[in-house]
Every structure is written in C-alpha cells, then in structure tokens.
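A short worksheet on the structure shown next.
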Amino acid sequence: MKFYRRSSPASRVPPMTTDAITRDASIMTSYVHPGARNETMRMVSGLKSGRFVVSRRRTGFGDCLWSLAAAWRFAQRTDRTLAIDWRGSCYLDQPFTNAFPVFFEPVQDIAGVPIICDDQINHRSFPGPFFPGWWNKPSIDCVYRPDQQIFRERDELDQLFQNEEDSDANTVVCDACLMWRCDQEAEREIFRNIKPRSEILARIEAIYRKQFEPYSIIGVHVRHGNGEDIMGHAPYWADPERALRQVCRAIERARGLPYAKPARVFLCTDSALVLEKVSALFPDVFTIPKRFQALQAGPLHSAALGAEGGFSALIEMYLLARCDTVIRFPPTSAFTRYARLFVPRVIEFDLNDPGRLILTDETSQELVGL
C-alpha cells in the first residue's frame, strides 16, 4: 500500500541499517510525486468513492477481526471503501504478503461497503490527507512508530468513531487495536461475511462431523501467553496455580449444566503446560493436534510456526463458535470474541472479580453468578 500526500517533492527512502526497518518503512509509507492524486483516482475508478478506510493489523485473528469490524462500521457510516491491509502479519514470514487472502476467501462487498482485500494492496495508492495526522508526515519520519504513538492514534480513532462524525481526510488509517470500538451487530456482520478459505473450512467441517456432531460440546479457551507479555490478561495469571483451579472449576460447572447429548470437553490453549495440567484432571478432554512453541517461548501467533499456525488458530476459533457452551479464560482475549457472539451459553470470569464465574445463557436471556 502506498500512502500519497497532497504536496511534497518526490523522494526515495534511503537504505536503513537493518532489513527489518527497511521492510517496515516500505509497507507503511511512500512519498508524494506530482500528479499522485490524479493517478490515485484513476486506480480507484469504479469504486464507490475516492475516500477510504484502511484497516491495518499484524496481530492475532481475534484482534484483526474485531478491529476490522470497527473500521467497517465507520466506512459504512461515512460512505467509504474499506481496504484490508494485513501485511507484516504475525502468522507469516513474508512481510509484503497481505495475510487476509492467505487465510480468508476474497470479498468484494460487505453490506454495501466496497472491499479491497487482495495482495495487490502493495500496488494501490490511497489519497491524502490522512487521519490520524501522524500519517501525513514525511515517510522518513514514519519509520519508527513507538507504542505511545499507536495508543494516541487508537484514542483519536475512538473519539472519531464515538462522535459519529466524519473526517475531512480522504483516507482514515486504522492501525491500532479497536476492540470495543463498535457495536456487536458490526462484529456479527463481519463474521457473517468473512469466511476462511475453502481448504480451512473443509478441515473444520471434517472435525465437526467426527468429533462434535454426536455430542454436546463444552469449548474451553485458555489464553496463557507462554512467556509473552500478556498485558491486560496479566491479572488472571497473577497466581498460575489459582488460575488453573479456576479453569477446572469452570469446567466442572459447565459439565453440570443440562445438555441434549452426552457432553465432551474441547480444550484450546496456547500452552502445552496448560494442556498437560487440564488433561491430568480431565482425561476425556480432547484437542485439535497442533504444534506448540517451546515452554516460555511465546504465543502461537508467530511467524516461526508458518502459515499452518494461522490455519490451526482459525480451526479452533471457528470450532469454538459451534460449541454448546464456551468457557473464556481470560474473557479479555479477543480470540473467543466470535464464540462470545454466537454460542448460546458462555461462562467467563468477572472482569472486576476474576474469582467469580458468570454464566450468560442467551436461550433464557439470563446472567447468573455461579
């Protein structure tokens, strides 16, 4: 993706001291040249308008899809085209490959919003001015983008979305975590319209028919981090032994609920240690075979695992959404957001009191402390 500004002389990014910085600079920005706006308008001929929202994420699929929902809602409200730019994805080791078409089927329109989502994002140009304002800076100043700047942009975008106004900018760049920045119907719209690639869906359906269909399934997601900085999830793991006891207590409570078929427990986790501990207490727990990182080596959304790591993540994410009951630990993990929206019964841990279990039963519209 090229970001063109309205006025600046043509120039080139000078060589950086490391390949990583050079690649990031190329992905993030480019320079203005004379006639850039006319060229841009020719390239977007036939699209809904010459105004865009660019959804850029390189994180786990939960964050990517939730943030995409927020960007889509703004694009819908302001009559813009939505571009999905997932280059530099944590699931791939090719920095210029747009991860979206690697993992999801192409989509051209979502509820009237035109979509750009293919790997041609490298060759597309988007017209300035840009919002947030940081993206109007010369490219050389954009190479290093500190966390403080990302958080500032998140807050600017949040304010723009909450005010239900438009921006004068031709291109709004959403390159921050935008969880909780849209309504649930926007999230549902994204999940209804975006589908994993056919070969991934085939694997999901095969597992579902064999291991899910004959049973009522209790899905359990345990986000551990495996040595990663888990930020907002950290309070749930302040006492690891207590955390595992809480997960096991939730499983016991879930198994005590009424089901139409014999109940089985399906465990999804990023930690081989969690799998070992839970399986020792519940020998009938089943999982989808996958490759784990070494102990304390970091999360599963890692380019070190290759695209197969992303395939495994999507298989688990979509199977969790087809369970009868889902346990979310911690509930701050975006990975189970899809399941949270579509599974009829959800057991999670109170954000203000991590020791308290809450059952949400959509079939009876009840919220019950357990």
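Numbering (my numbering), first residue to last: 757 to 1126.
In this text, a Cβ means the ideal position worked out from N, Cα and C, and glycines have one as well.
Boundaries (first-last residue) of the beta strand (DSSP E) holding residue i
i     : result
L838  : T837 to D841
I872  : V869 to I872
L1075 : Looking at the DSSP string, L1075 is not in any beta strand (DSSP E); the run it does join, the alpha helix (DSSP H), is A1063 to L1076.
E1104 : R1101 to F1105
Exposure label - residue i; buried when at least 16 CB within 10 Å
i     : result
Q1002 : buried
F859  : buried
D1106 : exposed
F1085 : buried
R807  : buried
N854  : buried
K1017 : exposed
S811  : buried
M797  : Low confidence applies here, because M797 scores a pLDDT of 39, under 50, leaving its location unreliable; read the following figure in that light. Exposed.
G802  : For G802, the predicted model reports a pLDDT of 36, less than 50, meaning its position is unreliable; a value from the coordinates is still stated below. Exposed.
E955  : exposed
F879  : Reading off the sequence shown, one finds His at residue 879, where the question assumed Phe. It counts as exposed.
V844  : At residue 844 the sequence reads Gly, which differs from the Val that was named. With 16 or more Cβ atoms within 10 Å of its Cβ, G844 is classed as buried.
P1087 : buried
P952  : buried
F856  : buried
A1077 : buried
A962  : exposed
E920  : exposed
A1095 : buried
A826  : buried
E1118 : exposed
E1104 : buried
R965  : exposed
Close beta carbons around residue i, own chain, < 6 Å, minus the five adjacent residues each side
i     : result
L1013 : none
W822  : M935, A1090 and R1093
D914  : R937
C1079 : I973, G975 and V1099
L1031 : T1025
T1043 : L1023
R829  : C938 and A942
A831  : V809, L838 and V869
Neighbour flag for residue i against chain C, beta carbons, 8 Å
i    : result
R829 : Of the protein chains in the structure, only one exists, and it is not chain C.
Close beta carbons around residue i, own chain, < 7 Å, minus the five adjacent residues each side
i     : result
R813  : D819, C820, S823 and W842
R959  : I1071
Y1015 : S972 and D1080
F1038 : I1007 and V1021
K893  : none
V1041 : V1021, L1023, V1034 and S1035
D875  : T853, N854 and P857
Bridge partner(s) assigned by DSSP for residue i
i     : result
F1022 : G975 and F1042
F1085 : V978
F886  : T927
R812  : D841
D1109 : Answer is none; D1109 lacks a bridge partner.
D865  : P870
Cβ neighbours of residue i in the same chain (closer than 8 Å, five flanking residues each side left out)
i     : result
R1047 : L1061, E1064, G1065 and S1068
S923  : T834, F887 and L916
Q864  : P870 and I871
K1033 : L1000
Q940  : L1097
Alpha helix (DSSP H) segment containing residue i, residue limits
i     : result
I956  : S954 to I963
E945  : Q940 to N949
F907  : D903 to Q918
L824  : F817 to T834
K1033 : A1028 to L1037
P996  : P996 to R1011
P857  : A855 to F859
> Touching or not, the stretch 927 to 946 and the stretch 884 to 893, by the rule of three or more beta carbon pairs under 8 Å?
Replying inline: yes
> Touch check for the stretch 969 to 978 and the stretch 945 to 960: three-plus C-beta pairs under 8 Å?
Replying inline: No, the stretch 969 to 978 does not touch the stretch 945 to 960.
> Are the stretch 1066 to 1084 and the stretch 992 to 999 in contact at 8 Å, needing three or more beta carbon pairs?
Replying inline: no
>> Count Cβ pairs between the stretch 908 to 922 and the stretch 863 to 873 that sit closer than 8 Å; are there 3 or more?
In response: Touching, no, given that fewer than three Cβ pairs across the two stretches are closer than 8 Å.
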